[in-house]
Amino acid sequence: MQTVKQISARFSFWWLLPGLITLALDQFLKSTANNVVLNPGIAWSFPFFPSADHTLWRLAFILIGILLLSAMALWHLRLSWRQDRALAYSVLIGGAFSNFIDRLFLGAVRDIWLIPGINLMNNLADWLMVLSVIYLII
Numbered sequence: 122m123q124t125v126k127q128i129s130a131r132f133s134f135w136w137l138l139p140g141l142i143t144l145a146l147d148q149f150l151k152s153t154a155n156n157v158v159l160n161p162g163i164a165w166s167f168p169f170f171p172s173a174d175h176t177l178w179r180l181a182f183i184l185i186g187i188l189l190l191s192a193m194a195l196w197h198l199r200l201s202w203r204q205d206r207a208l209a210y211s212v213l214i215g216g217a218f219s220n221f222i223d224r225l226f227l228g229a230v231r232d233i234w235l236i237p238g239i240n241l242m243n244n245l246a247d248w249l250m251v252l253s254v255i256y257l258i259i
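Written out as structure tokens, the structure reads:
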């Protein structure tokens, strides 16, 4: 059985670092991009509480989702610690927080990259979140 000290060492700052790097790099790229599109919807621009009267609900819904994701990640890692999964969860949560910051301050997510042929805009956080989820599923 592991001691409290051994368990808490696994949840150190170092496993949060990839998420913080994801958040910082995504925000930097969005702030320096020339071609920025504000996306008020969710994935693939689907409407998300389209009325302006629902702004507070929208932000609360997203924040609760991120907090639940964080709690799930901590619970899962507590049961079965693996550094690769910690990295994937960290990047996933960092990307989610980066997009949440956009929604909080701009009311929409800043998309900076166009995928040719399908006319879809996205950003670094979107790509890293998708890759993290794929990794966690596999």
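When the letters of the sequence shown are read in order and numbered with the numbering used here, they come out as residues 122 to 259. Virtual Cβ for every residue (Gly too), placed ideally from N, Cα, C.
_Where I236 sits in the DSSP three-state scheme_ = DSSP, reduced to helix, strand and coil, places I236 within a strand of the structure shown.
*What are the start and end residues of the alpha helix (DSSP H) that includes V269?*
Since the first and last residues shown for the chain are 122 and 259, residue 269 lies out of range.
_8 angstroms Cβ shell around I214 - same chain, five flanking residues per side excluded_ = Here the set comprises G140, I187, L190, S191 and A194.
*Let me know the secondary structure DSSP gives V157 once reduced to three states.*
Correct three-state label for V157: coil.
*Check L146 in the structure and name its three-state DSSP category.*
Look at L146 here: in three-state DSSP terms it is helix.
*Under a Cβ-count criterion, where at least 16 other Cβ atoms within 10 Å of its own Cβ denotes burial, should I233 be classed as buried or exposed?*
Its Cβ being crowded by 16 or more others within 10 Å, I233 is buried.
*Which one or two residues does DSSP pair with M242 in a beta bridge?*
When DSSP reads this structure, M242 sits in a beta bridge with L235.
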